[in-house]
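Numbering (full-length UniProt numbering), first residue to last: 1 to 590.
Backbone N, C-alpha and C define an ideal beta-carbon position, used for all residues, glycine too.
All values derive from a computational prediction rather than experimental measurement.
Below is one structure; the comments refer to it alone.
Structure below.
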């Protein structure tokens with residue numbers, strides 16, 4: 001048998017076996033829990049696993065959910081493009097968001113112990129339109145992260161293994177959808193612990209191997225300029241923390257660790273452990289690519305997604321200098337299994353995050369079959385798109401910049417002092433101003449009076465897809481979100497001093513027919529009670545009611561509970577909306 005074909009077969013068999021093994025472990029572990037509890041999960045348990053996980057599981061879950069297959073490609077590419085300072089900032093910025101989530105999440109739980117998602121908190125603090133905006137951003141952010149994971153594992157099998165990309169993408173997509181649909185957040189976290197430990201062990205093996213075998217013929221002295229402290233590295237001091245904190249704030253996959261923690265100390269310890277593990281792992285992955293470049297094994301001809309593999313001597317044996325290597329040893333196989341493991345852990349967490357946001361916002365009181373079906377619908381096109389081979393860093397750039405336009409405003413929502421001033425309308429206005437301003441900033445860079453259309457296209461494309469995480473672009477995006485919010489809040493509160501009251505954005509939009517469903521009011525009727533849905537209800541062994549459950553957190557697996565006595569409370573509260581910031585708003589609290 002041809003040597004390359006042998007390694008292709010070994011790559012597929014070992015990686016798929018590892019992924020199937022974790023899926024079986026998850027299903028068996030969760031089934032045993034069901035048998036011991038003698039009952040199924042409620043919807044709240046399905047999307048939050050509230051209060052069930054100890055500090056070590058939370059820490060490993062933060063780690064495993066964060067270090068997806070992107071770690072094999074992105075850190076090493078970024079290290080070569082921006083130098084050692086860029087790598088350090090990338091590693092630090094990958095870890096610090098989970099610590100921030102742990103700190104802010106514990107505060108949110110102290111204020112609102114019943115929240116099920118981060119958009120849920122935004123709805124309670126700001127209002128339904130702001131909640132819907134955050135839902136849209138979160139879904140887009142998590143979808144891009146999911147797309148990046150599918151793309152990464154596909155690219156590794158296409159170029160490093162030298163095969164086709166779609167089999168491994170389909171396998172991991174189907175496996176994760178099956179077991180996350182079965183057990184929700186709980187099943188994801190118990191797999192995260194095993195996947196996280198295996199990831200740490202394999203990283204250790206690769207580090208030891210590299211130390212023992214990395215012996216380049218010569219190392220350039222002094223260090224090449226592009227690998228040292230560069231302009232791109234200095235730029236990353238602001239752009240990387242801003243972009244990655246923003247992306248993490250809008251990832252429900254991370255917030256679910258907060259809701260699942262058994263105590264405040266558990267989430268804080270887990271956040272600290274996750275921060276250390278993530279930072280070290282990302283640095284080591286990036287440092288491998290950086291070492292390969294220093295040793296002269298990375299050239300203009302090298303595939304940027306494969307920089308890390310250039311550092312492994314056994315993979316370079318039959319490759320010319322700078323040529324992209326293909327799997328040809330046990331080290332390459334170990335790295336692929338590592339990538340497949342990290343890929344599976346990240347994907348199942350993101351799928352659970354998407355399910356939670358959809359279930360809590362659009363399907364309150366409904367059977368969880370609906371958000372599960374939506375996740376299936378979302379996954380299929382993402383799998384198809386992932387096979388197009390888009391640049392991983394560019395995919396992340398798109399969503400990182402979008403979230404940078406809003407995350408500071410959401411964070412300021414925790415401030416009680418700013419509550420009278422930072423209203424729902426101010427948040428939406430600030431986000432809109434930030435998006436428009438950063439796009440205009442890019443267009444200004446490329447402005448050519450003789451080609452206005454081309455200037456708009458090139459400028460917008462550079463900002464949202466092509467820039468190398470320029471600090472000024474992220475500063476404009478994040479800074480003008482605050483400027484935009486102030487542009488609304490300051491005049492509104494000045495008018496308030498003169499007794500002039502206005503209406504907020506929710507007061508206007510929520511009066512439109514059907515807008516209540518868009519902003520998260522849900523359906524009044526049980527969707528499975530419709531005639532055309534009866535076959536599905538029969539298949540689920542479910543007897544539908546005429547009305548949906550009033551409480552989205554009750555009922556087995558999305559089924560409204562007959563014993564539930566909680567009612568939707570319509571509460572009139574003083575809330576800063578619109579121009580004046582003190583109009584009386586009516587908000588549904590569920």
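Spatial distance of residue i from residue j (CA atoms)
i           : j           : result
residue 223 : residue 291 : 11 Å
residue 287 : residue 497 : 57 Å
residue 420 : residue 268 : 30 Å
residue 535 : residue 475 : 53 Å
residue 238 : residue 58  : 28 Å
residue 352 : residue 44  : 13 Å
residue 492 : residue 426 : 9 Å
residue 550 : residue 368 : In this prediction, residue 550 scores a pLDDT of 49, lower than 50, which makes its location untrustworthy; no coordinate-derived value is stated.
residue 104 : residue 285 : 29 Å
residue 90  : residue 66  : 13 Å
residue 552 : residue 522 : Legend: pLDDT at residue 552 = 42, less than 50; position of this residue unreliable, no value from coordinates given.
residue 559 : residue 139 : With a pLDDT of only 40 at residue 559, under 50, the local geometry of the prediction cannot be trusted, and no value is derived from it.
residue 449 : residue 455 : 8 Å
residue 127 : residue 361 : 13 Å
residue 355 : residue 75  : 29 Å
residue 567 : residue 256 : Only weak support exists for where residue 567 lies, its pLDDT of 32 falling under 50; the value from the coordinates is given anyway. Approximately 25 Å, taken between the alpha carbons.
residue 374 : residue 35  : 28 Å
residue 10  : residue 332 : 11 Å
residue 245 : residue 79  : 19 Å
residue 137 : residue 250 : 7 Å
residue 87  : residue 125 : 37 Å
residue 193 : residue 210 : 26 Å
residue 384 : residue 92  : 33 Å
residue 506 : residue 512 : 10 Å
residue 3   : residue 452 : 55 Å
residue 64  : residue 253 : 11 Å
residue 442 : residue 457 : 10 Å
residue 569 : residue 411 : Residue placement at residue 569 cannot be trusted, given a pLDDT of 38 that sits under 50; the coordinates are not used to answer.
residue 302 : residue 359 : 44 Å
residue 102 : residue 188 : 18 Å
C-beta contact flag for residue i and residue j at 8 Å
i           : j           : result
residue 414 : residue 107 : yes
residue 98  : residue 271 : yes
residue 527 : residue 465 : no
residue 156 : residue 336 : yes
residue 23  : residue 178 : yes
residue 117 : residue 357 : yes
residue 235 : residue 471 : yes
residue 233 : residue 47  : no
residue 403 : residue 281 : no
residue 518 : residue 132 : yes
residue 181 : residue 372 : yes
residue 504 : residue 123 : no
residue 313 : residue 230 : no
residue 49  : residue 260 : yes
residue 334 : residue 142 : no
residue 77  : residue 304 : yes
residue 477 : residue 393 : no
residue 191 : residue 297 : no
residue 405 : residue 431 : yes
residue 159 : residue 52  : no
residue 399 : residue 208 : no
residue 161 : residue 28  : no
Nonlocal neighbours in the same chain, by C-beta distance under 6 Å from residue i, ignoring five residues either side
i           : result
residue 433 : 480, 484
residue 95  : 275, 278, 279
residue 62  : 98, 257, 270, 274
Beta-carbon contacts of residue i that lie in its chain and below 7 Å, excluding the five residues immediately before and after
i           : result
residue 390 : 151
residue 544 : 526, 528, 529, 537
residue 228 : 83, 84
residue 516 : 510
residue 562 : Below a pLDDT of 50, predicted positions are generally treated as unreliable, and residue 562, at 39, falls in that range; the measurement from the model is reported next regardless. Taken in chain order, the list of residues that qualify is empty.
residue 15  : 168, 336, 337, 340
Whole-number beta carbon distance between residue j and residue i, since they are thought to touch under 8 Å
i           : j           : result
residue 306 : residue 325 : 7 Å
residue 166 : residue 387 : 6 Å
residue 8   : residue 218 : Not confirmed; about 34 Å, so no contact.
residue 468 : residue 70  : So it is not a contact: roughly 17 Å between Cβ atoms.
residue 54  : residue 262 : 6 Å
residue 295 : residue 241 : At roughly 30 Å, the Cβ-Cβ gap does not stay under 8 Å, so residue 295 and residue 241 are not in contact.
Beta-carbon contacts of residue i that lie in its chain and below 8 Å, excluding the five residues immediately before and after
i           : result
residue 341 : 18, 19, 22, 195, 198, 199, 202
residue 445 : 459, 462
residue 347 : 68, 146, 149, 150, 172, 173, 176
Closer than 7 Å: residue i CB and nearest the ligand COA heavy atom
i           : result
residue 490 : Inclusion of the ligand COA in the displayed structure is not the case, the ligand content being empty and no account of it being possible.
Cutoff 8 Å: residue i Cβ touching any chain B Cβ
i           : result
residue 380 : The structure shown contains no chain B, having only a single protein chain.
Quiz item: Below 8 Å, can you find three or more Cβ-Cβ pairs linking the stretch 380 to 387 to the stretch 159 to 179?
Solution: yes
Quiz item: Okay, do the stretch 424 to 444 and the stretch 203 to 210 touch, 3+ Cβ pairs below 8 Å being the bar?
Solution: no
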